[in-house]
Ligand SMILES: Cc1ncc(COP(=O)(O)O)c(C=O)c1O
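Residue numbers (full-length UniProt numbering): 1 to 469.
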């Protein structure tokens with residue numbers, strides 16, 4: 001391990017010693033598991049990850065998420081825990097809250113949700129009475145399961161009404177207003193899992209206000225762009241904003257709840273302010289103990305997201321995605337909405353011979369990761385689908401921008417052209433082409449290494465020259 005700078009207090013580097021001992025123990029006592037973990041690093045190095053929800057966490061985020069803080073059991077909030085031994089955790093959670101509010105210009109943050117799904121469930125439970133109505137984007141139009149899909153408890157415990165897209169593939173705001181007026185939902189949800197365009201949160205808020213609904217903005221997919229100013233922020237438009245922390249924020253698996261100017265607005269009882277309601281909604285109403293090491297990792301990720309490099313990467317993500325959409329369209333692929341404003345590109349495969357799952361698997365065989373995705377009016381089942389969803393988060397983290405997208409699009413196009421479907425789920429790729437394309441992807445990845453490759457090489461050199469701790 002590379003030598004560490006001295007601690008401020010002159011104390012020992014106990015967490016680093018622990019991490020080092022842990023890795024040594026893992027390799028000594030459980031080579032099977034250690035081998036799998038090493039294989040994962042190798043795979044991430046040598047594949048082009050274009051799953052729109054993925055990003056690469058910094059080594060310091062991963063280190064914090066594996067820290068001894070994980071051993072702390074402490075229900076409740078800083079200064080009001082139900083267990084002893086939370087002195088350091090209290091400070092870490094306060095730090096994470098401070099950094100989250102500063103990053104998003106929010107007035108309130110809850111860093112305890114274990115995921116964005118659990119954050120959404122907590123928020124909805126606090127704002128919608130059992131059997132009450134919520135209005136969200138339809139799953140097939142790009143919404144998320146927790147926005148009222150019948151496959152989620154949100155579709156069973158609430159009366160879910162859904163809006164969709166207009167003929168250009170953009171959110172049909174007219175329909176949102178009509179459905180809101182007809183159904184008077186308790187909560188209107190703005191946010192999506194598969195939507196490549198800017199979301200007009202101000203317009204959503206006007207619709208919510210017109211029917212006395214709370215507006216929940218779910219920015220799970222675009223939180224990094226929002227933090228970097230590359231997508232309009234919902235924080236002062238929505239009553240409540242939720243996000244995952246592992247997607248564009250580059251943090252650990254986890255969720256986050258934010259509120260802006262409306263953080264003291266009354267909840268459904270007309271009295272309890274929203275910030276207090278959210279505290280209760282997470283603990284004790286929907287979660288038990290928080291995950292202290294994950295909260296430390298969130299604090300670290302929020303700090304990194306406030307740095308200039310993060311903003312530069314966000315800009316590269318959007319410009320890269322735009323270029324990728326254009327390059328794919330040039331090669332005859334049907335790009336939904338004709339392009340993108342964010343990190344995501346959606347491809348309709350219905351004119352091709354391939355299904356979503358066949359395209360996903362063929363690309364994976366050649367080292368390119370994208371995911372199958374249902375598209376509007378899709379007649380194929382969710383495990384098959386007629387579309388794929390691509391994202392440029394990790395490409396931008398590799399330093400790849402618009403000038404590299406011709407090569408990426410060409411590679412994808414070549415894989416899909418070399419794929420012959422045998423059924424909706426079976427296919428063959430011409431073997432010579434598969435080997436050639438896989439090698440090409442490997443070489444491309446080597447030319448644009450992951451952001452932590454340099455730090456890893458430095459750590460390895462330090463070990464070799466005996467400067468390890
Ligand atoms: C819009 C949206 N909300 C919520 C989620 C759920 O996030 P998590 O994986 O943190 O539960 C997703 C996941 O992809 C999403 O796209």
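Glycine included, C-beta positions come from ideal geometry on N, C-alpha and C.
DSSP three-state label for residue i, please.
i, result
"residue 48", "strand"
"residue 39", "helix"
"residue 8", "coil"
"residue 243", "strand"
"residue 355", "coil"
"residue 173", "helix"
"residue 268", "coil"
"residue 135", "strand"
"residue 331", "coil"
"residue 153", "helix"
"residue 468", "The predicted position of residue 468 is uncertain, since its pLDDT is 47 and thus under 50; a value taken from the coordinates is nonetheless stated next. Coil."
"residue 450", "coil"
"residue 56", "coil"
"residue 521", "Here the chain has residues from 1 to 469 only, and residue 521 is not among them."
"residue 336", "helix"
"residue 369", "strand"
"residue 263", "coil"
"residue 19", "helix"
"residue 145", "helix"
"residue 234", "coil"
"residue 324", "helix"
"residue 363", "helix"
"residue 252", "coil"
"residue 308", "helix"
"residue 130", "coil"
"residue 167", "coil"
Just to check my reading of the structure: residue i and residue j have Cβ atoms closer than 8 Å, yes? What is that Cβ distance to the nearest angstrom?
i, j, result
"residue 277", "residue 401", "Incorrect: roughly 42 Å between the Cβ atoms, too far for contact."
"residue 55", "residue 356", "Actually they are not in contact, since the Cβ atoms of residue 55 and residue 356 sit about 22 Å apart, beyond 8 Å."
"residue 220", "residue 243", "5 Å"
"residue 109", "residue 97", "5 Å"
"residue 122", "residue 282", "5 Å"
"residue 137", "residue 368", "So it is not a contact: roughly 28 Å between Cβ atoms."
"residue 304", "residue 58", "6 Å"
So residue i is in the beta strand (DSSP E); what residue range does that whole segment cover?
i, result
"residue 110", "108 to 110"
"residue 159", "159 to 163"
"residue 189", "187 to 191"
Taking residue i as part of the alpha helix (DSSP H), name the residues at either end of that continuous run.
i, result
"residue 440", "431 to 447"
"residue 348", "Per DSSP, residue 348 belongs to no alpha helix (DSSP H); it is in the beta strand (DSSP E), 344 to 348."
"residue 255", "It is not in any alpha helix (DSSP H) - residue 255 instead sits in the beta strand (DSSP E) that spans 255 to 259."
"residue 116", "116 to 127"
"residue 282", "274 to 282"
"residue 285", "That residue, residue 285, is in no alpha helix (DSSP H); it is neither H nor E in DSSP."
"residue 304", "292 to 305"
query = Between the region 309 to 326 and the region 85 to 102, do three or more beta carbon pairs fall short of 8 Å?
reply = no
Three or more beta-carbon pairs under 8 Å between the region 18 to 32 and the region 253 to 263, yes or no? no
key: Start-end ranges of the beta strand (DSSP E) lying completely within the region 372 to 425, minimum 3 residues   = 387 to 391 and 419 to 421
*asked:* Below 8 Å, how does it come out for the region 373 to 387 and the region 431 to 445: are there three or more Cβ pairs, yes or no?
replied: no
Length at least 4, wholly inside the region 66 to 106: the alpha helix (DSSP H) runs in chain order: 87 to 104
Under 8 Å: do the region 174 to 187 and the region 121 to 132 share three or more Cβ pairs, one atom per stretch? yes
task = Answer yes if the region 245 to 254 comes into contact with the region 291 to 305, meaning at least three C-beta pairs across the two stretches below 8 Å, and no otherwise.
result = yes
Item to complete: Flag this pair as touching only if the region 35 to 46 and the region 329 to 338 have three or more C-beta atom pairs under 8 Å; answer yes or no.
Response: no
* Can we say the region 316 to 328 touches the region 391 to 406, given the rule of at least three CB pairs closer than 8 Å? -> yes
The region 363 to 380 contacting the region 230 to 248, beta-carbon criterion three pairs below 8 Å | no
Item to complete: Please determine if the region 152 to 161 and the region 235 to 249 are in contact, where contact requires at least 3 C-beta pairs separated by less than 8 Å.
Response: no
*Does the region 111 to 120 come close enough to the region 259 to 275 to have 3 or more Cβ pairs within less than 8 Å?*
no
ask   = Along the chain, which unbroken stretches of the alpha helix (DSSP H) at least 4 residues long are found entirely within the region 185 to 231?
value = 201 to 210 and 223 to 227
Note to self: Could you check whether the region 343 to 355 touches the region 411 to 421, counting it as contact only if at least three pairs of C-beta atoms, one from each stretch, sit closer than 8 Å?
What the structure shows: yes
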